[in-house]
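The structure appears below as structure tokens.
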Amino acid sequence: MKLIFKTLANSIATLFILSISLYAQVSFEQHLVNDNTHGMGSIYACDIDGDEDNDIITASLEDNQIIWFRNDGGTPIHWEKIVVAYNVIGAHSVYAADFDNDGDLDIIGAAYQGQPGIAWWRNDGGDPVVWTKFPVANTFINAHEIYAADLNNDNLIDVLGASSDLNEIAVWYNGGGNPINWTEQSLITNFTLAKSVRAGDIDGDGDIDVIGASIIDNDVLWWRNDNGNPVSWNKQDIDLNYYGAHRVDTADINGDGKIDVIGAGYLGHTIAWWKNGGGNPIVWTRQIIEYNFINACIAYASDMDGDGDMDIIGTSQGNNTVALWLNDGGDPIHWTKIIVDNDFYRVWPLYASDLDGDGNKDIIAGSSHQGNNQIRWYENLGDTTTNIESYSNLLNPKDIYLFQNYPNPFNPSTKIKFSVPERQFIRLKIYNVLGKEIASLKDEEMAAGEYEIEFPGESESAGNGKINNLTSGIYFYKLTAGDQIRIRKMVFIK
2 MKLIFKTLAN SIATLFILSI SLYAQVSFEQ HLVNDNTHGM GSIYACDIDG DEDNDIITAS
62 LEDNQIIWFR NDGGTPIHWE KIVVAYNVIG AHSVYAADFD NDGDLDIIGA AYQGQPGIAW
122 WRNDGGDPVV WTKFPVANTF INAHEIYAAD LNNDNLIDVL GASSDLNEIA VWYNGGGNPI
182 NWTEQSLITN FTLAKSVRAG DIDGDGDIDV IGASIIDNDV LWWRNDNGNP VSWNKQDIDL
242 NYYGAHRVDT ADINGDGKID VIGAGYLGHT IAWWKNGGGN PIVWTRQIIE YNFINACIAY
302 ASDMDGDGDM DIIGTSQGNN TVALWLNDGG DPIHWTKIIV DNDFYRVWPL YASDLDGDGN
362 KDIIAGSSHQ GNNQIRWYEN LGDTTTNIES YSNLLNPKDI YLFQNYPNPF NPSTKIKFSV
422 PERQFIRLKI YNVLGKEIAS LKDEEMAAGE YEIEFPGESE SAGNGKINNL TSGIYFYKLT
482 AGDQIRIRKM VFIK
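If you use the numbering used here, the sequence shown corresponds to residues 2 to 495, in order.
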């Protein structure tokens, strides 16, 4: 019986990949945010003013400014440029988090060429927002990248920094107070030209670990958080031969519940990910996603096509390119490359966020020093085949079509839409990853038309009674009409 389920699961996975390759087309429409911001080193998106629209913040190293582009939520979006901080000499990295636990997002920024080192700007609310500056680490010079996470489980957001001049990865613990008291702890001081620092629970023990990259040592390392006061950090290797390691990040790429690592090799011209195989020490397996991405700057993981797994977006300064690699599953994973923009001079910083509130992750990118001074955003139009007329020239008019469920991921329910070109017998079923049927939503003759059915998660489902103990994870929904089969993937989160 287990073998039957496994075979069915493999067949479902194979059919799903084929259906995505044949029918799903993620496309983007380019928009300009600003063309007068000079030499960006970092971009981040979040809702700064609490109006439920995601704004853009950036560090401009040639303007020496931390800048907020306020999203007015219009169609098209109008971006208001607001300078949060002047005289941030060589502003190079920016991030946002609620450092003082007052419910709104503050901004942290780093100066690469001088003062103020690392500082944070408290969001005091108001319209316009009032910003109050406080130091974090005045002497942490040449900070190439900063990040924020609660590293010691005290419900206060701490700060991480990577300094290319000090060859150092360090953390500053948030001790609370007004102003906040910061306590510095160094993780490494011989990490030559340290370029990147990020955080994630690498070993699944509930503590946030740290990862970093050195462009000269060609090292990707992680520091295991062993708790304590101060926190005890245990350095571990991920890859000691990743040429020109420039940027790292964390995400569960293959959906196995373990945090993997993504990287961009600036000198090696590669985009890669390292599979976390578990164990003690953890076994890492590297897969190169792209070999000829010249001067790769950024690799960032986000679900861009709404299928529940992590795709990769990246920038190539040498190719002037913004690209997307769709995660098609498999072991090793098969990646489908989509060029989002191949004419963005000296593009560098990159981020993904839903800017227009349509449920699709959009892409934001900016040009680096001596570039074209632009910030662009690429509107994710989603599956361009969702309009029957738009794909009628690609498919047989008698073909059924199965749309991506929405919302996805979902809890407690999601809607599944499909089209039937002529009267015929239709089956719509839900399967788990073992290939076991867990719900039958339709099993009847249906007239031609477009239908939308709600899958109620753990509630009543036709033909199956109650679905008890529906666990978080990946599920497949399968539409059958005669010899036609369409399969898509969805994700349930408890």
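Don't be surprised by glycine CBs; every beta carbon is placed ideally from N, CA and C.
Here the structure is a predicted model, which is why all the values come from computation and not from measurement.
Non-local beta-carbon contacts of Gly-309 in its own chain, meaning distances under 7 angstroms to residues more than five positions away in sequence, involve Asn-409, Pro-410, Ile-475, Lys-490, Met-491 and Val-492 in chain order. Counting only runs of 4+ residues, no alpha helix (DSSP H) is found wholly inside the segment 417–442. By the CB criterion at 7 angstroms, Gly-110 and Ile-170 fall outside the cutoff.
In this structure Asn-143 does not touch Asp-107 by the C-beta definition: roughly 23 angstroms separates them, more than the 8 angstroms allowed.
Cβ contact annotation for Ile-181 (same chain, cutoff 7 angstroms, sequence separation greater than five): Phe-100, Asp-101, Phe-135 and Asn-175, in chain order. Distances from the alpha-carbon of Gly-207 to those of Trp-122, Asp-400, Lys-495 and Asn-154 put Asn-154 closest. By the neighbour-count definition (other C-beta atoms within 10 Å, threshold 16), Lys-276 is a buried residue. With respect to Gln-375, Ser-368 sits close: the two C-beta atoms are nearer than 7 angstroms. By the criterion of a C-beta distance shorter than 7 angstroms, Gly-177 is surrounded in its chain by Leu-157, once the five residues flanking it on both sides are discounted. By the neighbour-count criterion, in which a residue is buried when 16 or more other Cβ atoms sit within 10 angstroms of its Cβ, Asp-304 is buried. Taking all protein chains shown into account, His-270 has 16 or more neighbouring C-beta atoms within 10 Å of its C-beta and is therefore buried.
Per DSSP, Gln-237 is one residue of the beta strand (DSSP E) stretching across 234–240.
Around the beta carbon of Arg-424, a 10 Å sphere encloses fewer than 16 other beta carbons of the protein chains shown; the residue is thus reported as exposed. With respect to the 7 angstroms criterion, Ile-314 and Ile-364 are classified as neighbours on the basis of their beta carbons. In this model, Glu-53 and Ala-86 are separated by some 23 angstroms (Cα to Cα). In the DSSP assignment, the residues bridged to Cys-47 are Asp-56. Three or more pairs of CB atoms, one per stretch, sit closer than 8 angstroms, so the segment 239–247 contacts the segment 216–226.
With 16 or more neighbouring CB atoms inside 10 Å of its own CB, Ala-60 falls in the buried class. Of the residues assessed, Val-232 falls on the buried side of the cut-off, its CB having 16 or more other CB atoms within 10 angstroms. Tyr-407 has its alpha-carbon roughly 5 angstroms from the corresponding atom of Lys-416. Pairwise C-beta distances place the segment 278–288 out of contact with the segment 312–331, as fewer than three of them are shorter than 8 angstroms. When the Cα atoms are used, Glu-446 and Asn-381 turn out to be separated by approximately 36 angstroms. In this model, Gly-331 and Asn-255 are separated by some 9 angstroms (Cα to Cα). Boundaries of the beta strand (DSSP E) harbouring Tyr-452: 450–456, taken from the DSSP string. One Cα belongs to Leu-188, the other to Ile-454, and the distance between them is close to 52 angstroms. For the set Phe-404, Ile-83 and Ile-283, the Cα lying nearest the Cα of Phe-477 is the one of Phe-404. Annotated as distal: Ile-147 and Gly-126, with beta-carbon spacing of 7 angstroms or more.
DSSP places Thr-286 in the uninterrupted beta strand (DSSP E) bounded by 285–291. Note on geometry: alpha-carbon atoms of His-335 and Pro-117 lie some 44 angstroms from one another. Ile-212 places its beta carbon less than 7 angstroms from that of Arg-199. Short of 6 angstroms from the beta carbon of Ile-339, and not among the five residues preceding or following it, lie these beta carbons of its own chain, in chain order: Leu-325. Between Asp-48 and Leu-194, the alpha-carbon positions lie close to 33 angstroms from each other. Cβ-Cβ separation between Ala-302 and Val-249: approximately 11 angstroms, too far for a contact (criterion under 8 angstroms). If you draw a straight line from the Cα of Trp-223 to the Cα of Val-95, it comes to about 22 angstroms. Looking at the backbone, the Cα of Asn-328 and that of Asp-253 are separated by about 12 angstroms. Residue state for His-370 is assigned as coil, using DSSP reduced to three classes.
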